[in-house]
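Taken in order, these protein sequences are the chains called A and B. Oh and the first sequence: position 20 is 20 in my numbering, straight run, nothing missing. To get my numbering, take the position in the second sequence, counting from 1, and add 1000. First comes the structure, then the notes that go with it.
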Amino acid sequence: MSLNLQQILASKRVLRQKLAGRPLAEKLRLLDDLRERELSLRRSGPPATSNVVREQPAKYRQGRRK
Amino acid sequence: MKIKEVITTINQMQADGVIERQAIGGAVGATFYLEPVATLDVDVFVSFRTEPGKLIVTPQRIFDYLTARGHSLEGEYVVIGGWPVQFLPPTGALVEEALREAVTMDVEGLPARVFTAEHLAAIALQTGRAKDKARLLQFVEAGALDGGRFEAVLTRHGLLDRWREFQGQFLSETP
């Protein structure tokens, strides 16, 4: 382990490349797991308030979401 | 794998003639080329068959088909295998082309129609939100784009200036 930022960034890049190179089915299984985790985190967090800053929907979605 | 149920269902919808063309886009589409990133829904781009005598194309037929097969609706999403799926019509020439030129990938023997990496990247550039820019950077950093094909897409859809701006902002050594 190192505290060298360049090394840390390089190792992150390697990890991302490894993940990207995994078999497709495995990556899609990871998507299922990531979604479960994201939902679990959202459920455990404080409820959103009305003055929270949010991103705009994508153009292809504008007018479709309420 | 739950998302396999989404792919199976949209393939069946196409085979049954409910939709004419379909392809996965968005973050799930990007996962076919990049490392997986957390996303809550699936974007499925579809073209509809126009019903005889009807000028307005609506997704009602999709909803009827899916609810008849036990899938529930949540707002404008249909829940398939636990995933909220949004069916999106192409809203411009770029997405229309992406749908036409989508490729078939094999997921454990199951064919999945997905936008090409170049179209996903061009759509991200066109959409232009922070997370779209981050996705575009991922495509570039991963070396997932064919330079010639990407530039051809950008040229056809008038996105070269925006691409140069993006390059200057994020891909240049000198800020």
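All C-beta atoms, glycine included, are put in the ideal place defined by N, C-alpha and C. Small disclaimer: the values here were computed from a predicted structure and weren't measured.
Among the CB atoms of chain A, none fall inside 8 angstroms of the CB of glutamate 1005 of chain B. Judged by DSSP secondary structure, glutamine 1012 of chain B falls outside any beta strand (DSSP E) and instead within the alpha helix (DSSP H) spanning 1002-1015. DSSP places glutamate 1165 of chain B in the helix class (H, G or I) of the three-state scheme. Residue state for alanine 1068 of chain B is assigned as helix, using DSSP reduced to three classes. Looking from the CA of glutamine 1014 of chain B, the closest CA among B:Ala1144, B:Gly1025, B:Phe1048, B:Leu1137 belongs to B:Phe1048.
Contact of glutamine 6 of chain A with chain B is not assigned, every C-beta pair being separated by 8 angstroms or more. Chain A places no beta carbon closer than 8 angstroms to that of phenylalanine 1139 of chain B, leaving this residue out of the contacts. The residues Val1006, Val1028, Trp1083, Val1085, in chain order, have a CB closer than 6 angstroms to that of valine 1042 of chain B in the same chain once the five nearest residues on each side in sequence are set aside. Boundaries of the alpha helix (DSSP H) around phenylalanine 1150 of chain B: 1147-1156. Counting every other CB atom within 10 Å of its CB across the protein chains shown gives glutamine 1126 of chain B a total of 16 or more, marking it as buried. According to DSSP, alanine 1093 of chain B shares a beta bridge with no other residue. For the C-beta of proline 1036 of chain B, the chain A residues within less than 8 angstroms are, from N- to C-terminus, Leu19, Lys27, Leu28, Leu30, Leu31, Leu34. Residue state for phenylalanine 1032 of chain B is assigned as coil, using DSSP reduced to three classes.
Taking 8 angstroms as the cut-off, the beta carbon of methionine 1105 of chain B is found closer than this to the beta carbon of alanine 1112 of chain B. Annotation for serine 1047 of chain B: the continuous beta strand (DSSP E) segment containing it runs 1042-1048. In the three-state DSSP reduction, valine 1140 of chain B falls in the helix class (H, G or I). Secondary structure at glutamine 56 of chain A: coil, using DSSP grouped into helix, strand and coil.
For isoleucine 1024 of chain B against isoleucine 1062 of chain B, the beta-carbon gap comes to about 15 angstroms, at or over 8 angstroms, which does not count as contact.
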